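Asker: Could you have a look at this structure, given as structure tokens, before my questions?
Number of protein chains: 2
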Amino acid sequence: MHSRCDSCPVSSYSPAETAEKSGFSIDTLRYYEKIGLLSGIARNSSGRRVFSDDDLRWLGMLQCLRGTGMPIAEMLRYSELARGGGGTVQERLAILQEHDRRVEEQIARLQDQQRQIQWKIDLYRGEVCDGVPA
Amino acid sequence: MHSRCDSCPVSSYSPAETAEKSGFSIDTLRYYEKIGLLSGIARNSSGRRVFSDDDLRWLGMLQCLRGTGMPIAEMLRYSELARGGGGTVQERLAILQEHDRRVEEQIARLQDQQRQIQWKIDLYRGEVCDGVPA
DNA sequence: CCTTGACCTGGAGCGCACTCCAGGTCGCAA
DNA sequence: TTGCGACCTGGAGTGCGCTCCAGGTCAAGG
Chain V
1 MHSRCDSCPV
11 SSYSPAETAE
21 KSGFSIDTLR
31 YYEKIGLLSG
41 IARNSSGRRV
51 FSDDDLRWLG
61 MLQCLRGTGM
71 PIAEMLRYSE
81 LARGGGGTVQ
91 ERLAILQEHD
101 RRVEEQIARL
111 QDQQRQIQWK
121 IDLYRGEVCD
131 GVPA
Chain L
1 MHSRCDSCPV
11 SSYSPAETAE
21 KSGFSIDTLR
31 YYEKIGLLSG
41 IARNSSGRRV
51 FSDDDLRWLG
61 MLQCLRGTGM
71 PIAEMLRYSE
81 LARGGGGTVQ
91 ERLAILQEHD
101 RRVEEQIARL
111 QDQQRQIQWK
121 IDLYRGEVCD
131 GVPA
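Going down the list, the protein sequences come from chains V and L.
Residue 45 in this note's numbering is what sits at position 45 of the first sequence, and the numbering runs on without skipping anything.
Residue 90 in this note's numbering is what sits at position 90 of the second sequence, and the numbering runs on without skipping anything.
In structure tokens form, the structure reads like this:
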């Protein structure tokens, strides 16, 4: 693993390296391959996984979708489309736009709730002098 | 249930009303009482729960903490402190401040990831004309 | 040659936060 | 007086997303 020549921008990564770089655990990487979120992961002669830069980029996308709360089932649909090639761009776009909308809501809701929490904090610190906030 | 006189600002609410107003399901309200997140919920003569305005306010706080990702175990600690009276204000404050910090991080991370998603969306729409964004 | 350690597989187990269920009790209304 | 619907209880079940385990393979180092 981890062969690297300076003139060549393509690297390959062991499961451990990939876990570290992607932020997923090795178990999760295996799990994702098992359920089909990762496909076409190369193997070396002794059957071990060899991840490519492309795989890492894809994992970055998955991390992003998971991190913003997309359920696995939907990521699965997205990744099936991604494997389906150029004809699926519209549908992929639709999924991302819908998701983006939900993320927007999520952020707005969090900000709202954070304000309430901060109001409570101020109250505990005795910095609320009188009455309800405007 | 649901007695209301115009001159009196104190109301009581049935489980169903409370569920609707608080955003928790009736089952969740029962569950929260069972585990100790809700305590001192009044009962009427036939053993049914009667929620007060205070209860509703507390539920609002819980909704806020849950909605921002605080685990049940930590909410439990907070609510035990809240029951503990004035001597616990410092500790409650510390919990909320720590939580506020985490919410801040969470929002920042979401915004970051949203940017990546939007970049991808733009890419699908063919609006990325050249190269990496500045 | 033998150990070590990273990796493999299929499948079981887990933690969280609910959610559902069976069986029962009320109070009201037809 | 009977039916209905909202509620009660303890406890079992669920869904999600991993996480762990037993038992095995392989390549390199001492």
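A virtual CB, placed ideally from N, CA and C, is assigned to each residue, including glycine.
Since the model is a prediction, treat every value here as computed from it, not as a measurement.
Determine, using beta carbons only, whether V/TYR32 comes closer than 9 angstroms to chain L.
Answerer: As a position in the first sequence, residue 32 of chain V is number 32, starting the count at 1. For V/TYR32, the answer is no, since every Cβ of chain L falls outside 9 angstroms of its Cβ.
Asker: Note down, in chain order, each residue of its chain lying with its Cβ closer than 6 angstroms to the Cβ of L/HIS2, except the 5 sequence neighbours on either side.
Answerer: Walking along the second sequence from the start, residue 2 of chain L turns up at place 2. Reliability of the predicted coordinates at L/HIS2 is poor, the pLDDT of 45 falling under 50, and the value obtained from them is presented with this limitation in mind. So no residue of the chain qualifies.
Asker: In the segment 67 to 91 of chain V, which residues sit with their C-beta less than 8 angstroms from some C-beta in chain L, listed in chain order?
Answerer: GLY67, THR68, VAL89
Asker: Just to confirm before moving on: does the CB-CB distance between L/LEU29 and L/ALA19 stay below 9 angstroms?
Answerer: Locating residue 29 of chain L in the second sequence gives position 29, where the first residue counts as 1. Locating residue 19 of chain L in the second sequence gives position 19, where the first residue counts as 1. Yes, Cβ-Cβ distance for L/LEU29 and L/ALA19 is below 9 angstroms.
Asker: Give a yes or no on whether the C-beta atoms belonging to V/TYR78 and V/LEU65 are separated by under 9 angstroms.
Answerer: The residue given as residue 78 of chain V occupies position 78 in the first sequence. The residue given as residue 65 of chain V occupies position 65 in the first sequence. Taking 9 angstroms as the cut-off, the Cβ atoms of V/TYR78 and V/LEU65 count as close.
Asker: For L/LEU37, which residues in chain V fall below 8 angstroms Cβ to Cβ?
Answerer: As a position in the second sequence, residue 37 of chain L is number 37, starting the count at 1. Within chain V, no residue comes near L/LEU37; the closest Cβ sits about 17 angstroms away, beyond 8 angstroms.
Asker: Do L/VAL10 and L/SER52 have their C-beta atoms within less than 9 angstroms of each other?
Answerer: Here residue 10 of chain L corresponds to residue number 10 of the second sequence, with the count starting at 1. Here residue 52 of chain L corresponds to residue number 52 of the second sequence, with the count starting at 1. It is a contact, given that the beta carbons lie within the stated cut-off.
Asker: Taking 9 angstroms as the CB-CB limit, is L/VAL10 close to chain V?
Answerer: The residue given as residue 10 of chain L occupies position 10 in the second sequence. For L/VAL10, the answer is no, since every Cβ of chain V falls outside 9 angstroms of its Cβ.
Asker: Please confirm if L/GLU104 has its CB atom under 9 angstroms from at least one CB of chain V.
Answerer: Translated into positions along the second sequence, residue 104 of chain L becomes position 104. Taking Cβ atoms only, chain V reaches closer than 9 angstroms to L/GLU104, which makes this a yes.
Asker: Run down chain L in chain order and give the residues with a C-beta less than 8 angstroms from the C-beta of V/TYR124.
Answerer: Indexing the first sequence from 1 puts residue 124 of chain V at position 124. Those are VAL89, ARG92, LEU93, LEU96, listed as they occur along chain L.
Asker: Along chain V, in chain order, which residues have C-beta atoms closer than 9 angstroms to that of L/LEU110?
Answerer: Numbered from 1 along the second sequence, position 110 holds the residue referred to as residue 110 of chain L. GLY67, THR68, GLY69, VAL103, GLN106, ILE107, LEU110, listed in chain order.
Asker: Counting C-beta neighbours from all protein chains within 10 Å, is the total for L/ARG109 16 or more, i.e. buried, or is it exposed?
Answerer: Locating residue 109 of chain L in the second sequence gives position 109, counting from the first residue. Exposed: under 16 other Cβ atoms inside 10 Å.
Asker: The alpha helix (DSSP H) with V/SER79 in it runs from where to where?
Answerer: For the purposes of this step, residue 79 of chain V is taken as residue 79 along the first sequence, with counting starting at 1. Residues 72 to 83.
Asker: On the premise that L/ILE121 lies in contact with V/ILE107, defined as a C-beta separation below 8 angstroms, what is that separation, rounded to the nearest angstrom?
Answerer: Translated into positions along the first sequence, residue 107 of chain V becomes position 107. Translated into positions along the second sequence, residue 121 of chain L becomes position 121. About 16 angstroms; that fails the 8 angstroms criterion.
Asker: Using 8 angstroms as the cut-off, can you tell me whether the segment 110 to 118 of chain V makes contact with the segment 67 to 85 of chain L, which would need three or more C-beta pairs spanning the two stretches below that distance?
Answerer: yes
Asker: Taking CB distances under 9 angstroms as the criterion, tell me whether L/ILE26 reaches chain V.
Answerer: Reading the second sequence from its first residue, position 26 is the one you call residue 26 of chain L. No, no contact with chain V.
Asker: Got a sec? Which residues, its chain only, sit under 8 angstroms from L/SER25 by beta carbon, not counting five neighbours each side?
Answerer: Stepping through the second sequence from its first residue, residue 25 of chain L is reached at position 25. ALA19, listed in sequence order.
Asker: For V/GLY85, tell me which candidate among L/TYR124, L/TYR31, L/GLY47 has the shortest Cα-Cα distance.
Answerer: Walking along the first sequence from the start, residue 85 of chain V turns up at place 85. Closest option to V/GLY85, Cα to Cα, is L/TYR124.
Asker: Do L/LEU81 and L/ILE95 have their C-beta atoms within less than 9 angstroms of each other?
Answerer: Residue mapping note: residue 81 of chain L aligns to position 81 of the second sequence, counting from 1. Residue mapping note: residue 95 of chain L aligns to position 95 of the second sequence, counting from 1. Yes, Cβ-Cβ distance for L/LEU81 and L/ILE95 is below 9 angstroms.
Asker: Measure the alpha-carbon distance for V/PRO15 versus V/HIS99 and round it to whole angstroms.
Answerer: Numbered from 1 along the first sequence, position 15 holds the residue referred to as residue 15 of chain V. Numbered from 1 along the first sequence, position 99 holds the residue referred to as residue 99 of chain V. About 29 angstroms.
Asker: Kindly indicate the opening and closing residues of the alpha helix (DSSP H) around V/SER52.
Answerer: Here the question's residue 52 of chain V lines up with position 52 in the first sequence. Where V/SER52 is concerned, there is no enclosing alpha helix (DSSP H), although the beta strand (DSSP E) it sits in stretches over 49 to 52.
Asker: Output yes if chain V places a C-beta closer than 9 angstroms to the C-beta of L/LYS120; else output no.
Answerer: Taking the first residue of the second sequence as 1, we reach residue 120 of chain L at position 120. It does; some Cβ of chain V falls within 9 angstroms.
Asker: Can you give the beta carbon distance from L/GLY36 to L/LEU76, rounded, assuming they're within the 8 angstroms contact cut?
Answerer: For this step, residue 36 of chain L is matched to residue 36 along the second sequence. For this step, residue 76 of chain L is matched to residue 76 along the second sequence. About 6 angstroms separates the CB atoms of L/GLY36 and L/LEU76; that is less than 8 angstroms, so the two are in contact.
Asker: Are V/LEU56 and V/LYS34 close, meaning C-beta to C-beta below 9 angstroms?
Answerer: On the first sequence, residue 56 of chain V is found 56 positions in, with the first residue counted as 1. On the first sequence, residue 34 of chain V is found 34 positions in, with the first residue counted as 1. No, they are not a contact pair.
Asker: Which same chain residues, not among the five before or five after V/LEU38, have their C-beta less than 6 angstroms away from its C-beta?
Answerer: Start at 1 with the first residue of the first sequence, and residue 38 of chain V comes out as number 38. Excluding positions up to five away in sequence, the list reads TYR32.
Asker: Starting from L/ASP100, find everything on chain V with Cβ-Cβ shorter than 7 angstroms and list it in chain order.
Answerer: Along the second sequence, read from residue 1 onward, the residue named residue 100 of chain L stands at position 100. What L/ASP100 touches in chain V: GLN114, ILE117, GLN118, ILE121.
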